[in-house]
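Enquirer: Here you go, one structure.
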Amino acid sequence: MKLGYFPGCSLLGSARELEESLMLVAKKAGMELTTIPDWNCCGSTAAHNLNHLLSVSLPARILALADKAGMKEVLVPCSACYNRLAMAQYELLENPDLKKEVSEIIEMDFEGTAKLLNVVEGMEKIFGEDSVLKVEKPFEHKVACYYGCLLVRPAKVLKFDRPEDPQSMDRLMKKIGADPIDWPDKVECCGAGLSVSRTDLVAKLSGKILESAVKRGAEAIIVACPMCHSNLDMRRENIEKAAGKKYSIPVLYLTEAIGLALGLSEKELGLHRHLVPVVFPIREKKAEPEKAESAEESAGAVEE
Amino acid sequence: MEGHPEDQDQSLMSRVREGTGESAYKCYQCGKCSAGCPLALEMDYPPSQILRMIQLGLPGLEEKALGSLSIWLCLACETCVARCPKEVDLPKIMDFLRQESLRRGLTHPTAKNIIKFHRAFLDPVKYTGRAFEVGLIADYKARNPISAFQDVLIAPKMFFKGKLSLAPHMIKGRGEIGRIFERAMKKESKK
Amino acid sequence: MSEFEPKIVAFVCNWCTYAGADLTGTSRIKYASNVRMIRLPCTGRIDFMLLLKAFEQGADGIIVSGCHPNDCHYTAGNFHARRRWMMFRSLLDFLGIDTRRIHFAWVSAAEGAKWAEFVNSVTDQVRKLGPNEQYQKLSQAGVE
Amino acid sequence: MARIGVFICHCGENIAGTVDVFKVAEAAGKFPGVVHSVEYKYMCSDPGQTMIKDAIKEKKLTGVVVAACSPRMHEPTFRRACAEAGLNPFLCEMANIREHCSWVHEKGEATTQKAIELIRIMVEKVKRNKPLYSIKVPVTKTALVLGGGIAGIQAALDIANAGHQVILVERSPSIGGHMLQLSETFPTLDCSQCILTPRMVEVAQHPKITLYTYSELESLDGFIGNFKARIRRKARGVDEKLCTGCGVCIQKCPQKKIPSEFDAGMGKRTAIYVPCPQSVPNQPVIDREHCTYYIKGKCKICEKFCERKAIRLDQQDEIIEVNVGAVVAATGFDILHSKDFPEYGYGKYPDVIDGLQFERLASASGPTLGAIKRPSDGKEPETVVFIACAGSRDDAKGIPYCSKICCMYTAKHAMLYKHKVHNGKAYVFYMDIRAGGKNYEEFVRRAIEEDGAVYLRGRVSRIYEEDGKLIVKGVDTLLGAQPVEIKADMVVLATAIVANQDAESLAQKLRVSYDPYHFLSEAHPKLRPVETNTAGIFLAGACQAPKDIPEAVAQASGAAAKVAGLFSSSELSREPVIAVVNRLPPPVFSTCTGCFLCEKACPYQAIEREEIKDRKGNVIKVVAKVNPGLCQGCGTCVALCRVKAIDLQGFTNEQVYCELMAL
Ligand SMILES: Cc1cc2nc3c(=O)[nH]c(=O)nc-3n(C[C@H](O)[C@H](O)[C@H](O)COP(=O)(O)OP(=O)(O)OC[C@H]3O[C@@H](n4cnc5c(N)ncnc54)[C@H](O)[C@@H]3O)c2cc1C
Ligand SMILES: Cc1cc2nc3c(=O)[nH]c(=O)nc-3n(C[C@H](O)[C@H](O)[C@H](O)COP(=O)(O)OP(=O)(O)OC[C@H]3O[C@@H](n4cnc5c(N)ncnc54)[C@H](O)[C@@H]3O)c2cc1C
Ligand code: SF4
Ligand code: SF4
Ligand code: SF4
Ligand code: SF4
Ligand code: SF4
Ligand code: SF4
Ligand code: SF4
Ligand code: SF4
């Protein structure tokens, strides 16, 4: 199987481990990822904030390159890039005038035929129903699946999962033996693009998310987005300072968690790159049989 | 950024409609957006009030909206539009207001840092085709010496974790990207 | 000034516009005497071939008027008329007939003054267009 | 050969002042076919009418044109005069030379000329007029009422009390509708069941009302005065004639955990059940979906214990056919359900409930006997948040309209809660308070001023659970849109009022139109609010739009008055201005090609399909046929028919073309 692939800038830098773990798992599943040749930055929040045309044109070039390379489906692991690309694609397909204008700006014909897949959809493909992959080391932890805002909204454009209470990552986690908690902050915003310029606000928002997960007994937060990861992991000190409280809960990319369950090593998956060490509280092994319960029920059990 | 007088005597309301296809009149001020907005409490005016200022179009209110901090704090998290009963695309309007605010030179003083950051982010993209995290931090620090110290603190850690590469990535289509920037900038400022 | 007095045929519905024109009368509002009214139960009854017939009979202008949307005595007749008019107009364009000779209006039973204004304005406009020789020419061309 | 008489009126100076009536009479006399042309001062006066009558007889007129005022004024007068002289009234037309001529133009040649032309047009028309006869249809004086909520009950009682037979069809096992589920009712707070149950009993006992519960309309054919309805009586599993309603079967049934529809899921019921103890009729039905016997093939405990041997486990549905003259649709409403509120966790958190569930909690006969206890743990909630406009006025949820009653019942709920839980805190999030009825605003103010309900203007964005509390994230727009967070023990959503799920299919069965939200449409929003555009079918209650009880009752009585009016004579007389499809001798039968464009366009569903068969019964052709009971004479079909197979009597193609030829 083959998929087009758009890494995005942060996967070359601050989110290297997302790329590393994704590639390993994909390889194990025999999935070939072909990078869009000569791809550029999607412009991220910055372009979106400052210049609308730019924020559409930069993704348009990427999508045009994908079309040119004949890619039917493109996996975009960074949620931020995924969101920008999908939005631009939607806007351009809806608005022929804009499409014309942008085609001129990027000096290429924009068709926008490639279907974009986010990292969760990508993992569903790689590690789906008929996957050859076997869970070797069940990831038996209580986890909080954190989707963030960019993966599900706007629902009209992205058409991915339920926008208020998504389940797809939870399902993947159950598949590797984890126990996803039911919590209300799955799609709350972590502060995203204000990470550097208003770290104070990011610390507040991300802090709320951490607190909510920890309070409900989560032992790890599973994320799908480099921005979420950097805000919850790299900004941990800021969060702790703002909250006046320490948090040891690690933040893993879903690809890393799946990689671990598939028996890949921490080192290969890039876990050492996290600022918050990936350690779990030691649990005494209970002899009771596997509980196949719904997320709601398990959450209820914690509250008792 | 130069003002276009014939544009300015157009009401902000109709400018928004032109620029975004969204009508601020659709909003009936239920406040659901403000209730769910993660940053409403940090904003000088909660999102629904920004819309109200546009709706009324009374003297002074438009400038107040364009000069607000709110429009720069908006994270484009889309929580508001996802729940808005009238399907008002607030983030899109916020986008437009930011650009309008820049065009009219009305940006809120505290927003300057945010804008500086965005510019610092885009600069390397313009010249190399991709974002450059080390450069970004250095550049932003240069533009904004006061609040960058925190990033200076974590930058070395990131470096040692292998998360920062010291050289920017140069793509082949750099020339194209440069032209994309030029055209987009020119066209937007004319709007 | 030209001596030309256009002949205008109005197809109106019984419930709204006919009654509205009655009100113009009861209110003694004066208007151009060029118009001849054909009363029909509803604008929905108007077969647009009738309009061609009117042109053929020498009408220089045509008015079609009925109830306001949603006020149709028969619920939806006026919508049907509207929809057919859209199709008919492209047919007229195709035939080369000046669509400015046909005017559509909504005049309710309470809009006596509006009726007078409307008739006057249509009469003025058609007067400016001059006699509808075009149709005669066209139809003759078609015959020969 | 036509012999037309033209009668020109002066109307005193009203016409003669601007139009030269003498010249007009002279000109009209020369029109081909006109054998008589006179003017007179006041045509509508007795001498004027006599002139016409005499002329008809003396000159053997075959048509009459009265050139006078608007036909909307005196057409009936002159048509009657003609009829009295033995001329078919539809051979008389009027040329409007007053409202459309003398009153609106200056005195002068042009005006006189116009009057002449207007007459010429009518002369040409009347030459083509054919005698028409008004249509008489017999009326079956039995009404069918669909739905046994308060609206259906009221309509049935009013019609029956006017002396007519009524058949009342109710889908559920008992009549009463939503009102039976309510605790107390605004704005007076009287107990719903106390005022409703006597009426229910009256229905059951009324000699003129036949009640079919657990039944549904299968199909309806025919037209005003002459409908044929097929009604499906679903198998109750109980012989109504034998059952005494003792309830032993219900006590013994082992299936005890079925969520009760009547209690809006707050209570449980058995498989053999009555919705509530006050049900009318008070005989149980067996819910086959949950009954052990139907699932597993054995049980029959009810049968064993029924002393009256009334249980009929093998009963089948039965279809009965009835003839009725009028139908009243009173099928009520539904409320929006949980899947539509993911942001409020409705359906996920047991303590987020809807208005009907709160009614059941507050009802003295409800599952908690009127004590306010939250569903999750049965504790008394200390803080309750009420959310108005939940789903209503919400384009994103496809419901842009206001549900009209929720402002009122939310105030009622806050009030009832405060009456029962004195130290409790009641918060109401609202957008506007719509309390336009008699004593309504006063009622809402009482909830705020006397009972201390706290009203916050703003919508709630999100509800989630934390530490056993429901966190309600709202806003107060009166405080500058500041976010407000309330930790609640229970949340009540005033969910939108929506049409029944099967409203669309019901409308299609009845051939009445419905709005985009599937509420049944009235014939005119102001002047015909209880009629539909299908003659003989009327509307009552919330099936037409969200309504409270007073409105539902008022409309029901209105519909009943219409039915009684219709039933006041045994024959219905209608104007013959209707469409007809031509019929020709074989082998053509009709020029109708069977395209049925007319069928789609007719706003009254008056076009039917008729099969033309040869002697052996083979279908040769399917052609359109107009149902004279339904056709209202709009003529839309005529305009559409490409082969001119359908024509409108009184405004035929020939007539209108000839009018144009006379221009
Ligand atoms: C939470 C709540 C609180 C309320 N409180 C008040 C109040 O305090 N005061 C007040 O004035 N109003 C109140 N109302 C409004 C009141 O309930 C309605 O006005 C009233 O019930 C409308 O009566 P109805 O007969 O039109 O409809 P319904 O009560 O809905 O009755 C319709 C009946 O038709 C039956 N039916 C449906 N479809 C079919 C079919 N196809 N064939 C046969 N039968 C069918 C149904 O089973 C039902 O019995 C409240 C409503 C709600 C939701
Ligand atoms: C400014 C305004 C705008 C409105 N706009 C709308 C609108 O857009 N749409 C709408 O639906 N409604 C509208 N309404 C409401 C509408 O006018 C009323 O609903 C309607 O007129 C009520 O009709 P009625 O017959 O009950 O009362 P009325 O119209 O008041 O008629 C009562 C009649 O009884 C006569 N009368 C009074 N006392 C006696 C007596 N003792 N003996 C004999 N005769 C008597 C009066 O002279 C009068 O003719 C409007 C009302 C107002 C004030
Ligand atoms: S949620 Fe929508 S309608 Fe409500 S105040 Fe915000 S923008 Fe306006
Ligand atoms: S998009 Fe902006 S305004 Fe809307 S909720 Fe997010 S931060 Fe608030
Ligand atoms: S018939 Fe009409 S026009 Fe003649 S007198 Fe009577 S009211 Fe006047
Ligand atoms: S079916 Fe028999 S047991 Fe049940 S209520 Fe009727 S009579 Fe009583
Ligand atoms: S047969 Fe069905 S209804 Fe009767 S007792 Fe058994 S479960 Fe109940
Ligand atoms: S009645 Fe009140 S609560 Fe109900 S939809 Fe209308 S405004 Fe909202
Ligand atoms: S439109 Fe004319 S041809 Fe077609 S079905 Fe109707 S009557 Fe027949
Ligand atoms: S005249 Fe109107 S109502 Fe009668 S059949 Fe034709 S379309 Fe239907």
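Chains as they are written, first to last, in our numbering: chain A, 9 to 312; chain B, 81 to 271; chain C, 24 to 167; chain D, 560 to 1222.
Where a beta carbon is used, it is the ideal one built from N, C-alpha and C, also for glycine.
Determine whether the beta carbon atoms of PHE745(D) and TYR968(D) lie at a separation below 8 Å.
Expert: In this structure, TYR968(D) lies closer than 8 Å to PHE745(D) by Cβ.
Enquirer: Identify the residues that DSSP records as bridge partners of GLU1130(D): which are they?
Expert: In the DSSP secondary-structure assignment, GLU1130(D) is bridged to PRO697(D).
Enquirer: Closer than 7 Å between beta carbons: that is the criterion. Which residues of the segment 192-216 of chain A meet it against chain B?
Expert: GLU196, CYS197, GLY199, ALA200, GLY201, LEU202, VAL204, SER205, ARG206, THR207, LEU209 and LEU213
Enquirer: Following the continuous beta strand (DSSP E) through LYS270(B), name the residue where it begins and the one where it ends.
Expert: No beta strand (DSSP E) holds LYS270(B); the alpha helix (DSSP H) holding it covers 254-270.
Enquirer: What's the C-alpha gap between LEU1222(D) and THR670(D)?
Expert: 15 Å
Enquirer: What ranges does the beta strand (DSSP E) occupy inside the segment 632-709 of chain D, keeping only unbroken runs of at least 3 residues that lie completely in it?
Expert: As for any beta strand (DSSP E) of minimum length 3 sitting wholly inside the segment 632-709 of chain D, the runs are 651-655, 694-697 and 701-705, ordered along the chain.
Enquirer: Between the Cα of LEU66(A) and the Cα atoms of SER269(B), LEU177(B) and ARG263(B), which residue gives the shortest distance?
Expert: ARG263(B)
Enquirer: Pick out the complete beta strand (DSSP E) segments inside the segment 976-1049 of chain D, 3 residues or longer, and give them in chain order.
Expert: 984-989, 1013-1016, 1021-1025, 1028-1035 and 1041-1047
Enquirer: When the Cα atoms are used, what is the spatial distance from ILE184(A) to ALA145(B)?
Expert: 49 Å
Enquirer: So VAL1019(D) contacts chain B; which residues on that side make the cut at Cβ distance below 8 Å?
Expert: LYS112 and ALA115
Enquirer: My output table needs one value for PHE127(C): the three-state DSSP class, helix, strand or coil.
Expert: DSSP places PHE127(C) in strand when its eight states are reduced to three.
Enquirer: Could you check the C-alpha separation between ALA714(D) and PHE1097(D) for me, to the nearest Å?
Expert: C-alpha separation (whole angstroms): 10 Å.
Enquirer: Evaluate PHE147(A) with the Cβ neighbour count: other Cβ atoms within 10 Å of its Cβ, from every protein chain shown; 16 or more gives buried, anything less gives exposed.
Expert: buried
Enquirer: Which residue wins for smallest C-alpha separation from GLY645(D), given the options THR621(D), ARG657(D), GLU665(D) and GLY667(D)?
Expert: Sorting THR621(D), ARG657(D), GLU665(D) and GLY667(D) by C-alpha distance to the C-alpha of GLY645(D) places THR621(D) at the top.
Enquirer: For a contact defined as C-beta to C-beta under 7 Å, what are the partners of LYS689(D) on chain C?
Expert: Result: empty, since nearest Cβ-Cβ is about 17 Å, beyond 7 Å.
Enquirer: On a Cα-Cα basis, can you pick out the residue from ASN155(C), VAL130(C) and GLN80(C) that is closest to THR122(C)?
Expert: ASN155(C)
Enquirer: Roughly how many whole angstroms lie between the Cα atoms of ARG638(D) and VAL1140(D)?
Expert: Cα to Cα, ARG638(D) sits roughly 26 Å from VAL1140(D).
Enquirer: Using the rule of at least 16 other Cβ atoms within 10 Å of the residue's Cβ for burial, across every protein chain shown, is THR1093(D) buried or exposed?
Expert: buried
Enquirer: How many angstroms separate the CA atom of ASN48(A) from the CA atom of GLU115(A)?
Expert: ASN48(A) and GLU115(A): Cα-Cα distance of roughly 14 Å.
Enquirer: Quick one: does GLY136(A) have its CB under 8 Å from some CB of chain B?
Expert: No, because no Cβ of chain B sits closer than 8 Å to the Cβ of GLY136(A).
Enquirer: My output table needs one value for TYR207(B): the three-state DSSP class, helix, strand or coil.
Expert: helix
Enquirer: For ASN573(D), is the classification buried or exposed, using 16 other Cβ atoms within 10 angstroms of its Cβ as the cut-off for buried?
Expert: buried
Enquirer: Note down, in chain order, each residue of its chain lying with its Cβ closer than 6 Å to the Cβ of LEU920(D), except the 5 sequence neighbours on either side.
Expert: Excluding residues within five positions, the ones whose Cβ falls inside 6 Å are THR927 and ILE931.
Enquirer: Might you give, ordered along the chain, the residues of its own chain that have their beta carbon closer than 8 Å to the beta carbon of ASN535(D), omitting 5 neighbours on each side?
Expert: Past the edges of chain D, shown from 560 to 1222, lies residue 535(D), and the structure says nothing about it.
Enquirer: If distances are taken between C-alpha atoms only, which option among THR636(D), SER924(D) and LYS618(D) comes closest to GLY607(D)?
Expert: THR636(D)
Enquirer: Could you tell me if the beta carbon of ARG730(D) falls within a distance shorter than 7 Å of some heavy atom in ligand 1?
Expert: yes
Enquirer: Nearest chain C C-beta to PHE1210(D) closer than 8 Å, yes or no?
Expert: yes
Enquirer: Quick check: is the beta carbon of PHE229(B) nearer than 8 Å to any beta carbon in chain D?
Expert: Bear in mind that a pLDDT of 48 at PHE229(B), under 50, signals an unreliable position, so the number given afterwards is only what the model happens to contain. For PHE229(B), the answer is no, since every Cβ of chain D falls outside 8 Å of its Cβ.
Enquirer: How would you write the range of the alpha helix (DSSP H) that GLU1218(D) sits in, first residue to last?
Expert: Here the alpha helix (DSSP H) through GLU1218(D) covers 1212-1220.
Enquirer: What in chain D is Cβ-close to ASP173(A), meaning under 7 Å?
Expert: When 7 Å is used as the limit between beta carbons, ASP173(A) is near these residues of chain D: PRO901, in chain order.
Enquirer: Using 8 Å as the threshold, is the C-beta distance between CYS641(D) and ILE611(D) below it?
Expert: yes
Enquirer: Which chain D residues sit within Cβ distance under 9 Å of VAL32(C)?
Expert: LEU1219 and LEU1222
Enquirer: Enumerate, from N- to C-terminal direction, the unbroken alpha helix (DSSP H) stretches of 4 or more residues contained entirely within the segment 58-140 of chain A.
Expert: 60-76, 87-102, 104-114 and 127-134
Enquirer: Kindly list the residues whose CB is nearer than 8 Å to the CB of GLU643(D), restricted to its own chain and excluding five residues on each side of it in sequence; keep chain order.
Expert: LYS612
Enquirer: Where does GLU25(A) land, buried or exposed, given buried means 16+ other C-beta within 10 angstroms?
Expert: By the neighbour-count rule (16 or more Cβ atoms within 10 Å), GLU25(A) is buried.
Enquirer: Could one say the Cβ of ASP190(A) lies closer than 8 Å to chain B's Cβ atoms, at least one of them?
Expert: no
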